[in-house]
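According to this note's numbering, the sequence shown is numbered sequentially starting from 32. Yeah, the Cβ is synthetic: ideal placement off N, Cα and C, and Gly gets one too. Please read the structure below before turning to the comments.
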Amino acid sequence: MTAEWYVLIEEDTRVTEYVDGTELKLHRWMLTGTHHIEGGETQALAAAEDAALHHIPATIARHAKPGDEPARHVLLAQDGAWTAIVRQRHREARIRVTVARLMHSHEEKEAPPKTLKESLRGALQAPPPLPKPWTPPQA
């Protein structure tokens, strides 16, 4: 298998919830972009840096006017991930940009359609058991 490189862009999506009269600001990272990069790791690293320097998060882009340039502070973590803090007016957003190599890909496979007899039998019987959850291999 040849090495396929991707740039992954995650945005910190904040949701404000009110519980018992208290305001809770809940943060979670959401994958918003998966970009295939032609070439090798070097091109992917350069593309990740460019994304960290230029990607506009949705929360900022939604309210931007033509010609606006938000403030941006970009950090490079020891693991190679880029983190950018983007500010415009009173809004602030964070993005994380990482480089990833595709290690495994498996296409979806559907079971054959049920016959009429199997459909009628299934309506009268309990549903089949769920697949067993993954467990680590025994050493």
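- Contact between the stretch 144 to 160 and the stretch 52 to 67 is absent: fewer than three C-beta pairs spanning the two stretches fall below 8 Å.
- By the neighbour-count criterion, in which 16 or more other beta carbons inside 10 Å mark a residue as buried, Gln119 falls on the buried side.
- Here the alpha carbons of Leu161 and Glu139 stand approximately 18 Å from one another.
- For Ile91, the three-state secondary structure derived from DSSP is helix.
- Nearest to Ala78 by C-alpha distance, out of Leu155, Ala170, His94 and Val130, is Val130.
- Here the alpha carbon of Asp81 sits roughly 57 Å from the alpha carbon of Gln156.
- In terms of Cα proximity to Trp60, the closest of Arg127, Pro158 and Lys163 is Arg127.
- By the criterion of at least three beta-carbon pairs nearer than 8 Å, the stretch 35 to 42 is in contact with the stretch 62 to 76.
- The Cβ neighbour count for His58, taken over all protein chains shown within 10 Å, is under 16; the residue is labelled exposed.
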